[in-house]
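Its first residue numbered 1, the sequence shown is counted upward by one per residue in the UniProt record's numbering.
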Amino acid sequence: QTFEKLLIANRGEIACRVIKTCKKMGIRTVAIHSDVDANAVHVKMADEAVCVGPAPTSKSYLNMDAIMEVIKKTRAQAVSLNESICCSCFIYRKQKSQKGVTFIGPDTHAIQAMGDKIESKLLAKNAKVNTIPGFDGVVKDADEAVRIAREIGYPVMIKASAGGGGKGMRIAWDDEETREGFRFSSQEAASSFGDDRLLIEKFIDNPRHIEIQVLADKHGNALWLNERECSIQRRNQKVVEEAPSTFLDPETRRAMGEQAVALAKAVKYSSAGTVEFLVDSSKNFYFLEMNTRLQVEHPVTECITGLDLVQEMIRVAKGYPLRHRQADIPINGWAVECRVYAEDPYKSFGLPSIGKLSQYQEPLHVPNVRVDSGIQQGSDISIYYDPMISKLITYGSNRAEALKRMEEALDNYVIRGVTHNISLLREVIIHPRFVQGDISTKFLPEVYPDGFKGHKLTDLERRELLATAASLYVAEQLRSQRFLGTPRIPLAKSKRSSWELSVHLGDGVYPVAVSKNGSSFSVEVDGMKLNVTGEWNLASPLLSVTIDGTHRTIQRLSRNASGNTSIQFLGTVYKLQILTKAAAELSKYMPEKAAEDTSSILRSPMPGAVVAVSVKPGDMVSEGQEICVIEAMKMQNSMIAAKTGKV
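Put into structure tokens, the structure is as follows:
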């Protein structure tokens, strides 16, 4: 026996994930949505859907009055909640006495205790869980923040008491950064969680971020379902996760698991939850926070344990005891998850991008690939919500196999219309440090100290790209000579079989000679001959080519009549210009457009809302001074002057 109807107070890929399990269990579903999400995938997947307000989350997905009205109207027996309203909704339900509705998740006490970072830290200490040294109270103002930070000793982490997901979190290395961090963190916390309380604790330098998945029922049973390695992060938000971790030995894994279960039992936890730890280089681990919800990265745990965590949460909410014992929980194989975002990875490892998905194709034809997404071709990525496109998960019998699959899946993922972070994800998973498991939360800034610049081509890879681009150009020339049907005037067949081209890539111009040999091309680059074969279906978004026996999947994103073309090769998009030898010789007579001087303009690198302007016309500003603050996708960003001058 289970629930007949469940309301999902969420959106995107997590709402779709819950609906899939409900369908499997025979439970009817009700989706809520904002007016801009009327055609969203989760709305189409659900049995019923109700609009709860306009686009901003505070007026729709976090609108408790509207959600309670929908529960009453649709007669839903159970509710799966958005993480930001879990706590408030429970309290609200008590006030409104919404009887007979079961909430999928832990009870009020556990959510309030673990949702408050200050209270959760005290509870963890009492449950004999290792904790980070810091100030356990609420920080009143910037001056008190500076005083506490000096007492603890720099560096310190300033974070929202009610926070999560990297929002309302800043690292400070001195007094000035503490004051600035206090201001931004409290503003972000207020806008994301409706609670601007902050706490300060010692920042553990160069740690790993490893979390333990727990599962508990209402009968006092609790299990730990192994760990997830979540150290690859940018701005305290996870980018790549895997299970298990390369770093933990069985003893450390057991110790972390037992402490996680002890904490769950201390708060009478009953559902799936995640206990997050920071682990230093000596395998000392410290409690960070407990997330009282289904984490974004839960699929990697499902892959290695074989459990459906959503199904387990629904069973626990219905009052059933757990079906498994600790000894039953395996580690089968290895799973890796990449968070695919609509972001520009060349700007601070990922600044949000918006737009319509003009073309979208998931790499589900690659074996052992899972894609959790809440979008489809034609979907809009807007400024109102998280810019996540999907969670791409690959599974293998070992780590090397899972990573190889991920590489293949990223190459076969077609996303057009928005800027995305596939180039960064692919570079991370093939980086020697990552492959060896030598990672920490500082991986990205350490590996790319000057920012991410895309894949750096070796000489062989450069020749492969030039040969492939030249072959594509010739294949297109040959296609444009073909006539469909039978023209009345007999046409002289083209006998041409060789082409001399000039290819511009980066700062270099390369002479390339191409000759056709059956369905393959022989291409000479840098005095070396390469054999390029492929199907040359120029209408397909994915092109499979073999260069001297090496298989590559490439994507041609754009081309124009001037010979300019963009090709996605090894995850990174390269801009090339391909001209015939004669056209290249004449191109030197073409005037070049002068680049615009933008140093005296402040242009936001992403769309968003201006939440504060720190200057007025006539003010003198110096280089690096804050001009305004932009809020985009729930994160606040300070815009600074590029040079000294007058506004």
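Positions of the beta carbon are idealized from the N, C-alpha and C atoms, including for glycine. For clarity, every value in this text was computed on a predicted model and none was experimentally measured.
Residue ranges of uninterrupted alpha helix (DSSP H) with 4 or more members, entirely inside the region 362-415 and ordered along the chain, are 399-411. In this structure, the beta-carbon distance from Q568 to L576 does not fall below 9 Å. Taking C-beta atoms under 8 Å as the contact rule, R416 and S358 qualify, at a distance of about 5 Å. Short of 6 Å from the beta carbon of F443, and not among the five residues preceding or following it, lie these beta carbons of its own chain, in chain order: I232. E427 is positioned such that its CB atom lies no closer than 9 Å to that of T553. Put simply, of R325, S353, Y61 and A402 the residue whose alpha carbon is nearest the alpha carbon of G220 is R325. In the three-state DSSP reduction, H420 falls in the coil class, being neither helix nor strand. In the DSSP assignment, K347 falls outside any alpha helix (DSSP H), carrying neither H nor E. The secondary-structure analysis by DSSP pairs H33 across a beta bridge with C51. The three-state reading of DSSP puts Y61 in coil, since its state is none of H, G, I, E or B.
In the structure shown, T598 adopts coil according to DSSP, grouped into three states.
Around the beta-carbon of V435, fewer than 16 other beta-carbon atoms lie within 10 Å, marking it exposed. Remark: C-beta atoms of N291 and M114 approach each other more closely than 9 Å. H504 sits in a strand when the DSSP states are folded into three classes. Residue burial annotation: V647 is exposed, with fewer than 16 other C-beta atoms found within 10 angstroms of its C-beta. Secondary structure at F287: strand, using DSSP grouped into helix, strand and coil. DSSP places S471 in the uninterrupted alpha helix (DSSP H) bounded by D459 to Q481. About 6 Å separates the CB atoms of E297 and R228; that is less than 8 Å, so the two are in contact. Shown here, G549 sits in coil according to DSSP, grouped into three states, outside any helix or strand.
For M635, the enclosing beta strand (DSSP E) covers residues M635 to I640.
DSSP places T572 within a strand segment (E or B) once states are collapsed to three. Here DSSP, grouped into helix, strand and coil, assigns Q77 to coil.
Comparing alpha-carbon positions, the option among K5, R17, I111 and N130 lying closest to K73 turns out to be K5.
Taken in chain order, the whole alpha helix (DSSP H) runs of length 4 or more contained in the region 100-148 are 108-115 and 117-126. S191 sits in a helix when the DSSP states are folded into three classes.
Taken through DSSP and simplified to helix, strand or coil, E535 comes out as coil. Judged by DSSP in its simplified three-state form, M313 adopts helix. Taking the C-beta atoms as reference points, A583 is found no nearer than 9 Å to V523. Residue pairing by DSSP puts V214 in a beta bridge opposite W224 and G273. Bridge partners of N236 according to DSSP: none are assigned.
Look at R325 here: in three-state DSSP terms it is coil, with no helix or strand label. Scanning P133, S604 and I627 for the CA closest to the CA of V613 turns up I627. For I640, same chain residues with a beta-carbon under 7 Å away, outside a window of 5 residues either side, are G624, Q625, E626 and I627 in chain order. Residues of the same chain with a CB within less than 7 Å of the CB of V267, apart from the 5 flanking positions on each side, are H109, A110, A113, M114 and L123 in chain order. Within the same chain, D217 and N221 come within 6 Å of L322 by CB-CB distance, once the 5 residues on both sides are set aside. By the neighbour-count definition (other C-beta atoms within 10 Å, threshold 16), P345 is a buried residue.
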